[in-house]
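Start counting the sequence shown at 9; every next residue gets the next number (the working numbering).
Virtual Cβ for every residue (Gly too), placed ideally from N, Cα, C.
If you're wondering where the values come from, they're calculated on a predicted model, not measured in any experiment.
See below for the structure under consideration.
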Amino acid sequence: MGVKKGRALKIDKQSLMRLLRDIKKNYQLYLLMIIPVAYILVFKYQPMYGAQIAFRDFDATKGIWGSDWVGLKHFIKFVQQPKFFLIVRNTFMLAIWDLMIGFPVPILLALTLNNVNAKNFKSLVQTVTYAPH
């Protein structure tokens, strides 16, 4: 099965004018879309550019595109390390520990604060616990 040669997308003038008229008519909606689209571009697509470093023999002087492609070489080297299973076990232990402590503690704090009658103290504690986030 051969690969078919692609064609450039042609947009006729009527379709373009219809799109521009729609944008002009609903400009508020298009303005509202700017923030979510920018968020997706910056935090979802842009990191994929940097994820290539794991598959390259990265040299800062050459940059990402100038560095040699090595594929899974670094991953194979990591898996073959003598302490690989210890590292994986420690990672899982930390994740389980985080779930055991990090999940119920905020719920207990919320239940405790719910029973506090001093409104000013309750507001202060809520502000102090939420402020770092």
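Query	Result
Out of curiosity, what's the CA-to-CA distance linking tryptophan 77 and lysine 70?	12 Å
Using the C-alpha atoms, what's the distance from proline 44 back to glutamine 89?	42 Å
Tell me whether arginine 64 sits in a helix, a strand or coil according to DSSP, three-state version.	strand
Using a threshold of 8 Å, state whether the C-beta atoms of leucine 117 and threonine 137 are closer than that.	yes
From Thr135, Phe129, Gly58, pick the residue whose C-alpha is nearest to that of serine 75; which is it?	Gly58
Just how far apart, CA to CA, sit tyrosine 47 and phenylalanine 63?	26 Å
So what does DSSP say about aspartate 76, is it helix, strand or coil?	strand
Since glycine 110 is in the alpha helix (DSSP H), which residue starts that stretch and which ends it?	92 to 110
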